[in-house]
Structures are given as structure tokens and as C-alpha cells.
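Written below as C-alpha cells is the structure these notes are about.
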Amino acid sequence: MKGLPVLSLLLWVCAVYFVGIYLFVGGFLLVRLEVNRTSTCGDVLQPGVEPVDFCRSQPRFRRVVLLIIDALKIDFARFDPDNTAPRPYENKLPVMEETVSFRPSHSRLYPFRADPPTTTMQRIKGFTTGSLPTFVDVGNNFASSAILEDNLIHQFGQVGKRVVFMGDDTWESLFPKKFHRSLPFPSFNVKDLHTVDNGILQHLYTTMVGDDWDVLVAHFLGVDHCGHRFGPDHPAMADKLTQMDGVIRSVIDRLQNDTLLVVMGDHGMTDTGDHGGESQKETDAAIFLYSPTPLFPQPPSQSDPDVVPQTDLVPTLALLLGVPIPYSSVGQVLLPLFPPHGQTEGAVRGLSQLEALWINAKQVNRFLETYSGMAKDIPPQSLSQLKDEFSRLSSEYLTMIREGRSPSPQLATSLQAYLTSVRDTCRATWARFNPLKMVAGLAILAFACLMCFVLSELSLVLIRETGPGLKAPVIVALTAGVCMAAGQLLTQGYMEVAWCLAAAALSSELLFLWRARQSRIITVAKNGSKALKCASWLTPCRLLAPPILVLLLRCASLLSDSYVIAEGRAVTFLLFSLALCIPIHLNWDGLLLPSSHDPLKPAGLLPSAALSPSTVRKESSTLLACLGLLVGGLYLSLSFHGCREEQGSCQPSPFLSPLSRLQDSQLKNLHYVLSVFSLGLWTYLLRRCLRHYGNLNSSGGTVFTARWILPLLSVCLGLHWAVSATSEDSFRNLAELISLAQLALPRAAFCLLGLGLFLIWLDPLTVFMKPRSGASSRGSSLPPPSYRASTGISPQAELHHLIPQIYQRMRRSLDDGELSGSGEVDNTPAVKAYGLGTVYSAPLLLFCGLLGIGLLLLHPEGMALSFLLLLLEMGALLHIHASSTTLSGLNDSYSGGFNVPWTPVVLWSLAATQFFHATGHLPTFPSIQWGAAFVGFPDGHTGTILPASLVTLNTFASHILFAVGCPFLLFWPLVCEVRGSKGGRACGDEGEDAVMEMRLRENPQQFSSALLQLATRYLFINGAQLFASVCAAAILRRHLMVWKVFAPKLMFEASGFLVGSASLLLGVTLVLRVDVAVGRWFKRLLPDTSR
1 MKGLPVLSLL
11 LWVCAVYFVG
21 IYLFVGGFLL
31 VRLEVNRTST
41 CGDVLQPGVE
51 PVDFCRSQPR
61 FRRVVLLIID
71 ALKIDFARFD
81 PDNTAPRPYE
91 NKLPVMEETV
101 SFRPSHSRLY
111 PFRADPPTTT
121 MQRIKGFTTG
131 SLPTFVDVGN
141 NFASSAILED
151 NLIHQFGQVG
161 KRVVFMGDDT
171 WESLFPKKFH
181 RSLPFPSFNV
191 KDLHTVDNGI
201 LQHLYTTMVG
211 DDWDVLVAHF
221 LGVDHCGHRF
231 GPDHPAMADK
241 LTQMDGVIRS
251 VIDRLQNDTL
261 LVVMGDHGMT
271 DTGDHGGESQ
281 KETDAAIFLY
291 SPTPLFPQPP
301 SQSDPDVVPQ
311 TDLVPTLALL
321 LGVPIPYSSV
331 GQVLLPLFPP
341 HGQTEGAVRG
351 LSQLEALWIN
361 AKQVNRFLET
371 YSGMAKDIPP
381 QSLSQLKDEF
391 SRLSSEYLTM
401 IREGRSPSPQ
411 LATSLQAYLT
421 SVRDTCRATW
431 ARFNPLKMVA
441 GLAILAFACL
451 MCFVLSELSL
461 VLIRETGPGL
471 KAPVIVALTA
481 GVCMAAGQLL
491 TQGYMEVAWC
501 LAAAALSSEL
511 LFLWRARQSR
521 IITVAKNGSK
531 ALKCASWLTP
541 CRLLAPPILV
551 LLLRCASLLS
561 DSYVIAEGRA
571 VTFLLFSLAL
581 CIPIHLNWDG
591 LLLPSSHDPL
601 KPAGLLPSAA
611 LSPSTVRKES
621 STLLACLGLL
631 VGGLYLSLSF
641 HGCREEQGSC
651 QPSPFLSPLS
661 RLQDSQLKNL
671 HYVLSVFSLG
681 LWTYLLRRCL
691 RHYGNLNSSG
701 GTVFTARWIL
711 PLLSVCLGLH
721 WAVSATSEDS
731 FRNLAELISL
741 AQLALPRAAF
751 CLLGLGLFLI
761 WLDPLTVFMK
771 PRSGASSRGS
781 SLPPPSYRAS
791 TGISPQAELH
801 HLIPQIYQRM
811 RRSLDDGELS
821 GSGEVDNTPA
831 VKAYGLGTVY
841 SAPLLLFCGL
851 LGIGLLLLHP
861 EGMALSFLLL
871 LLEMGALLHI
881 HASSTTLSGL
891 NDSYSGGFNV
901 PWTPVVLWSL
911 AATQFFHATG
921 HLPTFPSIQW
931 GAAFVGFPDG
941 HTGTILPASL
951 VTLNTFASHI
961 LFAVGCPFLL
971 FWPLVCEVRG
981 SKGGRACGDE
991 GEDAVMEMRL
1001 RENPQQFSSA
1011 LLQLATRYLF
1021 INGAQLFASV
1031 CAAAILRRHL
1041 MVWKVFAPKL
1051 MFEASGFLVG
1061 SASLLLGVTL
1071 VLRVDVAVGR
1081 WFKRLLPDTS
1091 R
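Residues 1 to 1091 (the numbering used here) make up the sequence shown, in order.
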């Protein structure tokens, strides 16, 4: 088998796809341009003839305490006295409503709306800079880099205010060396509810009574972590909110008259405790403002805002504390905190509403002018309108100041409208696209899809020595990349890697397609009409074939936000429909039922493809039974789906919740029993399949893994679930032991998994062989039959003779229960063998089974049922494919080829997407199961690579399993040749018996061709879906739902393709590794005289 050409071609195709993704994403998800300028105290912002130092004027407040309760959604802060049966998160923070009711001039409570993405780092950026983080910033949430834009922390430091911080260590990475004193605590471990909060409380009150601070920032994480771990509707949430209520009361008691208290959440949370998206439950937090001195000059009224945007906190705090508003802020001051014009004397000092609005508007206009001069992405018409509006308002305001007359009531309203317009314009504009990169990425991906299709159709030609290889495309790619780099250096003085990669990818694609066309022309010229018929690729008949039609429908659905939202059910329907086409098509061709045999038909040189009526009935029954199993599995898998915010009344599957969240003990026990049963059945089915085909008789590493590591891994997983489901308060005396088990069991499972996968790779052969020994009694287990290898002929002919001889005699031995080879000469070399017929599929099956258990470890316990359905559906699809291949062979003479049709490959790809949803995942950021990062690491991580890898494995588990298992589509029809009857899928009544996967060894060139064709077809199907997502994002980039639906879908589709491609390469490489081991086995088997 030619493994190197197959692997190199696949690596090249994947690399081209990766370049296309990189280019398009680089053009679609650009970060907005940051203006690295800072405001200063000398900026002329206040009206007047002479410049003034803004920072020297008397501020409204000298100090501020900023309490950030992470994920404090507005529902947590509200109090309803009429609610007699509150849920765990309701009525647990009465201090806010009580203070607002009894001291309305000192306090207010507002909904505090965040801009998506609602992740902690982006929210900290938002309410310290006043800017709007872009969509792509979500990718930096766990690799926070320092904020370079002007921000409140920098401004406080510029005027000499001492900032003391304690809490979430994200602040340390965002504002390095900016604090007078800091007490950071690790934030990534969402299972830890108390470390950060308790650490803050140890220092908060002592710091407050001291005099070495001006700004105190305390960022609590317990509420957010409780939501991630248990969800909001859990007693642990009630305890945490009650604790926060006590904290707020204690802080209020310690406040001085010149101090402002701000209690706020950075974002909300969904009903499952997650966040990151833009649903109202995720964006609506709470903000509570309080001061011991009167804070609000007027009582609450209808003019108070219904919702306070998070960016508005920046200019409000800046003006209340007497520091310049950060340069890039687009926030608007919160007017109720400022007195009306002419009422600034007396108890309330500081700026009036109109003065605050004027300073705010002038700062925003300055930023707009600077930004529009640096970046040309704001539409000229909108920019002109905003400038004209500010000029009009500025003229009106300055005229009013010069003439000393009272302002008109509309002026403040107009200034507010101007500030709102600027923010809306910026929000619409900062989805900055690079059309040239997007077009280049689209072109590369389109040619990559075409290239995959061509590779799948010309796989046999490409494998031959005379076929178009990779040498020329690689040389052209390197040349084009170097030329592009040299041109950039000469013309621009710098080199942009993206365009070098684009030139290399496009040139290699075009050259390969041209050479493939030339090879096709030569093939047609040599072979005439037969080759021409085979090379008719894009005829209407082929395009309208069920698998291609279903693929086109799947791609078209990605252009609709409704279908993307309902993707789980849409893919399930397409999968069911295409599977149903198989028996319908077979019945249409008259192949589903036995046909009468024509005795007058002469026998040809090749064996007849006719099957006995009983075999046909058996294959048809198998196909229909597996179709029923597939339909049942698809129906049951719908019970494990999650819910998007757009789906309204949808209720997420209860199996998505970890056992630790369940309060009902009986329900918890039932879920645990079902999970353990599913895990046990998974293990049993794997071992049963391997035993059935004789792959558990040898003493190699793979068999050792199947016999010992597989069950031990399952036991570790079951014990880990039991320990994880145990409440911390259930066994106080065993708390240390439980903590140790939570750490040791999953790590032991990881070690067993790594050892098992390594042993499979090191020694993948599952064939049992030994020299012939004395006969054993019939009462004992049936020994392997013995076979003699011929001597005196060439090694290649020896192999061709040995393979069918082994299988003819082995099957007779297994079917009749008699020992073969009893008439052999005692001194003649002989061999006993088991498991040779599934020598390729057995290690791949065990590899996928172990990998599946490892991926299950990263999921909630209830997903064991879903993973069991995944295994059953994989088996059903494989048997449907095998039976349909057998029945379809009734029309064709045996050609020796191993081509896998499009239908099973499309089904396989659809099943991967379907089980992405059936394992509780969705193409949205809030659905990411972050808890996977802490399996085996309850105390958190020191870096980000390992937790990111664990979350990636959790998210794309179905893509990984189906991609690694893709070669099963090639092997399974061969494995099922000897299914049941004595004749099996024989090629004749008394002719050559089926030799299962050893046919691949007889035809190494066709084996390589079929493996390459299968892999490229799978890549083409996944690549077509990726291309459709890319087209949807490009075409609908100004669509209302682009950042809510299409952009997240693009990110997940691209990530899934990257992970799936790497997994496919892993599966193909494992097959090549097994092929090398099989070749060595046969070399050892041959006698010395024939080597």
C-alpha cells in the first residue's frame, strides 16, 4: 500500500483549506482600530475663554467603592414582598430595594445592559474604556492582554488617585502595574465558589477603614461560578446571594460621606448559568448606586432611564470623581446623578446636567474626529450628519453661555440624542471587514472543494507512479509565496504572511487542477468510451442523485438564520431522509427481495455475483432492522438537545445538567444508574464485537488494551461520576478523601486512556498465530485452525496463495466445529491464525471506543446515554452500508474495487453534525461546556493551552469520533462478507470464499486509491458545508442576525472542520500504521526459503 502519497495528498488538501479559513476569518472578524491617545486634565472641555485644569476643580466625590458581583443579573437584585415561595435566586438581595425605598435620594437601582459578547474580559474593557468590544474579542477571554486604550484606571493614576484592587485576577493582566495595591485570586476554576470571595472579605473591611486608597475595586466571582456549576435555581445560589447581601450591608455601614458606592454585575446569565451571547438574560445585569450624602437631586421619575448601558458608567464616574473622560469612550453620562442647570449650589456640588452633557459631547466628538481621520470605515454620510449636528449644538450652547440666558428644554434632549447617534453609528460600523481578504479566502475554499472532488474521482490515477503528484504544486506554491513576500518587501517595506499564504495556496490549486485535467484527457484517450463514461462527473443525473441533493440542501440551509437556529432537527431530518432512500432505491431496482436465478445464463470467467435467496432475505432484513435502529436512535437523540435563546419555550434536556445540580435524590440515582448502564453496555459491545471476529486471542498491546485497560477505564469513569455527584456537605468526615478522588480518578482515567491509545499505536495487530501444536479435546474451547504456507515460490505469489487458503479453512473450522489441516505432514511448517479478517478494523474500533470513553469523561454524566446512541447509530449506518453494498452487487460483476459510494459518506458526515447537537452542544458561545476544563483539575490551571484543549475536545467530540472512524466505511462491507450463513457473501457456490479485509492486501494500489477517495470525499462534504457557512457570513454580513447567528456558526463550522480534518488524518494514519504491521506479519510468516 502506498501510504506516503495518500497521507501527503491529504495533508496538502487540509493545508489549503486552513489557509482559506485563515484568510476569510482574518477579513471577516477584524478587531476595530484602537485610538491610542489619552485625555488630559488640560483638555479644554468646559465652556469658557481661558483654558482650565479640569482635574483641579472640586470633585463631587473624593472616593469610590466599586463592588463587582460577577453575573449579578437584574433578577437577582429585585425584591418582591408578595412572593411567598421564592426560587433560590429570588428575594435574596433585599438590601438594594430596602435602601432605594427608604432613602430614595441616596440610592437607585437600574438594569445595567452589557454589549455582547458577555464574557468577563470584554465587559471589564467596556466599563473601564467606555468603548464597544468587537465580536472577535471573545476569543481572547482567557488570554487577556493589557488594555492599551485610555481607561478609567489609567486616568485615576494620572491624577494621583490610589487604586486598590482585590478579586478576579483578570484585572491584573488587563492593567499590569496600574494598581497602588492589588490582591488577585485565580478566577478560571468555576467549581470553586468561595476562594476568591473569601479572599476579598479578608481584606475588604480593613482596607475601607484605612486611608491609603481613593478607588477600591472588589470583583467577586462566587455568584458567577455558582451559576456555571449549579445554575441559578439551586440552593448554593441562595447561599451565595445571601452572603453578597451581607457584604453590601457591611460596606454601606462603613462608607464615609465623600464616598460613592457602586454595586454592579458585569453581565447576566441564562437559566442554565451560562453567558457569552447576546440574549437579554445574558446582557441585563444590575447596577446599584448609593452614597451616605444625597446623591440624586430629584426623586425617581418617569424621566429616569429604564436601562443603563454599561458604557455610560465611564463618563459618569469620571465626571463625579473629577478626572477626564477616557479618550475613546462613547458612553453617555447618567443624568439623574447630576442636578438640573442652575441648581448646583448647596448640598449637591459639581456639574449640572447640561454641563456634564456638553463635556461628554465634546469628548465624543473629539474621538469621532480622530477616529474618522485614522480609519475610513464610518459611512461618509453618517459622519457628515453627526458633525453637522454637533456644530449646531455647539453653536447653540456657546451662544447661551455668552448671553447668560437659560437653556432651552430641547438642548439637553438634543445632546443626548447626539450621543446616542454616535454610539449607534460606531456599533454598526465596528464590524470592520476586509473585502479583499474575504474574496481571497472564498476563492481558495472554492478551489479546495473542487480539488477534493477531483481527487476523489481520480484517486486511482493519482496513486499510480505516472499520475500527477505533489512535487510540481509544492514547488510552484513555494515560488509564488517567496515572490509575493519579495514584492511586498520591495513595494511596502514589510511582509504580510496572509498574502504570501494566499499566493502559495491559489497557485498550487490551479496547477494541480490543470494537471488533473491533463491526466483525465490522457486517460480518456487511452481507454476510450469506458473512461469517458467514468469521467462524466458533473452531469445533471449525478448532481440530482440523493446524496448530492441532500448535501446541496444542507448547504443551502446554512444561508437561513431559521434553519441555523433549528439546525439540530434539520440535520436529523436530512439524515433520516437520505437513509430512507437506500431501501427505496434498492426496491426500485428490484434488489431488496430475492430474484429468480436464470439457469441458462452462462458462467463467466469471473465468479458470479448472484446470491442465494436466503442470503438476499437475510441482507434485506439486516438493512431494514438497522434502518429501524437508526430511526429509533435519531428520535431518542432529540431528547439530548440544548436550547437557543431564539427558540422561546424550548426546554433544554435534563441530561445536560451534571448530577451535582440535581436536588431530587431519586432522580439523581436514576440518572446515575442509566449512565453507568450505558457505559457498561458501550464497553460490552466493543469487547463483544472484537471477540466475535476473533481479535481477543493474541497477546499484543491492542488485545491487552481491550482486555484490561478498556474495563478499568470504564470503572474509573463510573467511580468519578459517583464522586462528582456527591455533595460537599454529605460526608464531612470524608471531605478530604472525596477531594482526593475528584482529583485522582479522572487523572487515572486520562493516564489509562493515553496508555491504551499508545499501545494500540505501538502494536496494532490483533492476529493470533503460533506453530501448530497437538490436538486438543473437543470439550475445550475451539483452537485456531492450522494452515500451511506453500514453499518454493516468490513471496508475492506466496501471499496471494496464503490469504485465501487461510480464510477458506478458518471458516470451515469455525462453521463445522472441526479442526482443519488434520492431514498435514507433522514436520511441515504451519500456522494457526485468528482475527486476520478484521486486522484493519479491529484496532480502529478499539481506538475509537477508547477515545469515545475519554471524550465522555469531559461531558456531563447524562451524556453517556447519548454516547451509547452514537455508538449504536454508527453501527447501524455501517451495517446499512454493508448490506446495501452486498445487495447492489447483484447487478455488477466483481471488479476488485473498493470504492465507497457518496451516500454512506454523506450519511456519516451528517451523523457527525447531528450528534454535535445530540451531545448538548450548539453553535453559540453560551452553550460551550466550560466545566470540561476542570475535569481532573478541580483547582484550575496555570496556563490556557490545556483547558482550551479540553474544552475543544468536549465541544467537537462527535466530529472527532466520526472523522477517526471514517475508514470503517471502507472496511465494513468487507468485514460483513462472512455474516452468518455458511456461504456468506460468497462469490460463487463452491468458488472462492470471502476473505474479508485481506482483499485489501491482494490489491494494494486499489486499497490506497479507495482510502484516498474516501478521505477526500469526506473532506469535500465537510468543506462544502464550511464554504456554505463562509458564503452566508460574507453575503449576510450586514444582516440583522449576523453576529447572533451567522458569525458564531461560521466560527463553530470552521473550528469543527479544523478538528475534524486533524482527526481524519489521525484515522488514516492509524490505518497506514496497521498496514505496515500486517506487512511485517506476513514477512515473518513466510518460510526462510521463500523470502
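Using N, Cα and C, we set each Cβ at its ideal position, and we do this for glycine too.
Among the candidates F76, V767, R402, whose CA atom is the shortest distance from the CA of Y110? Taking the first residue of the sequence shown as position 1, residue 110 is located at position 110. Of the listed residues, the one whose Cα sits closest to Y110 is F76.
By the three-class DSSP mapping on this structure, what secondary structure does Y840 have? Residue 840 sits at position 840 when you count from the first residue of the sequence shown. Here Y840 sits in coil by DSSP.
Taking the alpha-carbon of L1092 as reference, which of P299, A876, Q280 has the nearest alpha-carbon? Not covered by the structure: residue 1092. The range shown for the chain is 1 to 1091.
Can you check whether the CB of S724 is closer than 8 Å to the CB of G862? Numbered from its first residue, the sequence shown carries residue 862 at position 862. Numbered from its first residue, the sequence shown carries residue 724 at position 724. Cβ distance not < 8 Å, so G862 and S724 don't count as in contact.
Are the Cβ atoms of A485 and S508 separated by less than 8 Å? Taking the first residue of the sequence shown as position 1, residue 485 is located at position 485. Taking the first residue of the sequence shown as position 1, residue 508 is located at position 508. No, Cβ-Cβ distance for A485 and S508 is not below 8 Å.
I'd like to confirm the pairing. Which residues does DSSP put opposite P111 in its beta bridges? Within the sequence shown, the letter at position 111 stands for residue 111. Paired residue(s): A286.
Can you find at least 3 beta carbon pairs, one from the stretch 422-442 and one from the stretch 393-411, that sit closer than 8 Å? Taking one beta carbon from each stretch, the stretch 422-442 and the stretch 393-411 have fewer than 3 pairs nearer than 8 Å; the two do not touch.
Supposed contact pair G965 and M874 - C-beta distance, whole angstroms, cut 8 Å: What you label residue 874 is simply residue 874 of the sequence shown in a count that begins at 1. What you label residue 965 is simply residue 965 of the sequence shown in a count that begins at 1. M874 to G965, Cβ: 7 Å. Contact.
Which residues mark the beginning and the end of the alpha helix (DSSP H) in which V100 is found? As a working mapping, residue 100 is identified with position 100 in the sequence shown. Where V100 is concerned, the enclosing alpha helix (DSSP H) stretches over 94-102.
Can you grab the Cα-Cα spacing for the pair Q363 / G441, in whole Å? Here residue 363 corresponds to residue number 363 of the sequence shown, with the count starting at 1. Here residue 441 corresponds to residue number 441 of the sequence shown, with the count starting at 1. The straight-line gap from Cα to Cα measures roughly 39 Å.
Nearest-angstrom Cα distance between S279 and R63? In the sequence shown, the residue the question calls residue 279 occupies position 279. In the sequence shown, the residue the question calls residue 63 occupies position 63. For the pair S279 and R63, the Cα-to-Cα distance works out to about 34 Å.
Starting from the Cα of P297, find the closest Cα among L204, P104, L753 and give me that residue. In the sequence shown, residue 297 corresponds to position 297, counting from 1. The candidate whose alpha carbon is nearest that of P297 is P104.
Which residues in the same chain as V348 place their Cβ atom closer than 7 Å to its Cβ, once the five residues preceding and following it in sequence are excluded? Along the sequence shown, one-based indexing puts residue 348 at 348. Only weak support is given to the placement of V348: the predicted model assigns it a pLDDT of 43, under 50, and the value that follows is read from those uncertain coordinates. Closer than 7 Å at the Cβ level, and outside the excluded window around V348, lie P294, P297, P339.
Residue range of the unbroken alpha helix (DSSP H) whose run includes P1004: Residue 1004 sits at position 1004 when you count from the first residue of the sequence shown. 1004-1035 is the span of the alpha helix (DSSP H), which, as asked, contains P1004.
Proximity below 8 Å, CB of P843 to CB of P923: Mapped onto the sequence shown, residue 843 falls at position 843. Mapped onto the sequence shown, residue 923 falls at position 923. No; because the gap between Cβ atoms is not below 8 Å, this pair is not in contact.
Could you give the distance in angstroms between the alpha-carbon of D169 and the alpha-carbon of L544? Position 169 of the sequence shown holds residue 169. Position 544 of the sequence shown holds residue 544. Going from the Cα of D169 to the Cα of L544 covers about 57 Å.
Tell me the DSSP secondary structure of A932 in three-state form. Position 932 of the sequence shown, counted from the first residue, corresponds to residue 932. Helix at A932.
Which of helix, strand or coil does DSSP assign to A912? For the purposes of this step, residue 912 is identified with residue 912 of the sequence shown, where counting begins at 1. A912: helix per DSSP, three-state reduction.
Excluding the 5 residues flanking G568 on each side, which residues of the same chain have their C-beta closer than 6 Å to its C-beta? Taking the sequence shown and counting its residues from 1, one reaches residue 568 at position 568. Same-chain partners within the cutoff: H641, H917.
Are the beta-carbon atoms belonging to S1008 and T622 less than 8 Å from one another? In the sequence shown, residue 1008 corresponds to position 1008, counting from 1. In the sequence shown, residue 622 corresponds to position 622, counting from 1. No, they are not a contact pair.
Measure the C-alpha to C-alpha separation of E369 and H219 and round it to an integer number of angstroms. Position 369 of the sequence shown holds residue 369. Position 219 of the sequence shown holds residue 219. Their Cα atoms are separated by approximately 35 Å.
Is the beta carbon of L320 sitting closer than 8 Å to the one on L260? In the sequence shown, counting from the first residue as 1, residue 320 sits at position 320. In the sequence shown, counting from the first residue as 1, residue 260 sits at position 260. L260 sits close to L320, with the two beta carbons spaced by under 8 Å.
In this structure, how does DSSP classify K1044 when only helix, strand and coil are distinguished? Within the sequence shown, the letter at position 1044 stands for residue 1044. If DSSP states are grouped into helix, strand and coil, K1044 belongs with the helices.
Using only CA atoms, which one of L870, G849, R87, G680 lies nearest to A238? Against the sequence shown, residue 238 aligns to sequence position 238. When each option's Cα is compared against that of A238, the closest is R87.
Would you tell me roughly how many angstroms separate the C-alpha atoms of L662 and E997, rounded to the nearest one? For the purposes of this step, residue 662 is taken as residue 662 along the sequence shown, with counting starting at 1. For the purposes of this step, residue 997 is taken as residue 997 along the sequence shown, with counting starting at 1. Cα to Cα, L662 sits roughly 48 Å from E997.
A361: first and last residue of the uninterrupted alpha helix (DSSP H) it sits in: Walking along the sequence shown from the start, residue 361 turns up at place 361. Taken as a continuous stretch (DSSP letters only), the alpha helix (DSSP H) holding A361 covers 353-374.
Return the Cβ separation of L419 and M244 in integer angstroms, given the expectation that the two are a contact with Cβ distance under 8 Å. Position 419 of the sequence shown, counted from the first residue, corresponds to residue 419. Position 244 of the sequence shown, counted from the first residue, corresponds to residue 244. About 33 Å separates the two Cβ atoms, so there is no contact after all.
Taking the C-alpha atoms as reference points, what is the distance between L950 and A932? Along the sequence shown, read from residue 1 onward, the residue named residue 950 stands at position 950. Along the sequence shown, read from residue 1 onward, the residue named residue 932 stands at position 932. Answer to the nearest angstrom: the Cα atoms are 6 Å apart.
Between L490 and the rest of its own chain, which residues show a CB-CB distance below 8 Å, the 5 nearest in sequence each way excluded? For the purposes of this step, residue 490 is taken as the residue at position 490 of the sequence shown. Correct list: empty, nothing qualifies.
Bridge partners of S182, per DSSP? By one-based count along the sequence shown, residue 182 stands at place 182. Answer is F165, bridged to S182.
Are L1036 and F1027 touching if we call contact CB-CB under 8 Å? Stepping through the sequence shown from its first residue, residue 1036 is reached at position 1036. Stepping through the sequence shown from its first residue, residue 1027 is reached at position 1027. At a Cβ-Cβ threshold of 8 Å, L1036 and F1027 do not count as neighbours.
Where does Q1006 land, buried or exposed, given buried means 16+ other C-beta within 10 angstroms? Residue mapping note: residue 1006 aligns to position 1006 of the sequence shown, counting from 1. Per the 10 Å Cβ criterion, buried.
Is the beta carbon of F215 less than 8 Å from the beta carbon of K161? Translated into the one-based positions of the sequence shown, residue 215 becomes position 215. Translated into the one-based positions of the sequence shown, residue 161 becomes position 161. Note that residue 215 is Val in the sequence shown, not Phe. Yes, Cβ-Cβ distance for V215 and K161 is below 8 Å.
Taking 8 Å as the cut-off, decide whether the C-beta atoms of L690 and L836 are in contact. As a working note, residue 690 is residue 690 in the sequence shown. As a working note, residue 836 is residue 836 in the sequence shown. Going by C-beta atoms, L690 is not nearer than 8 Å to L836.
Taking P973 as the reference, give the member of D939, R1017, N899, A502 with the closest Cα. Translated into positions along the sequence shown, residue 973 becomes position 973. Distances from the CA of P973 to each of D939, R1017, N899, A502 were compared; the closest alpha carbon is that of N899.
Cross-strand partners of A918 (DSSP beta bridge): Start at 1 with the first residue of the sequence shown, and residue 918 comes out as number 918. Beta-bridge pairing links A918 to no other residue.
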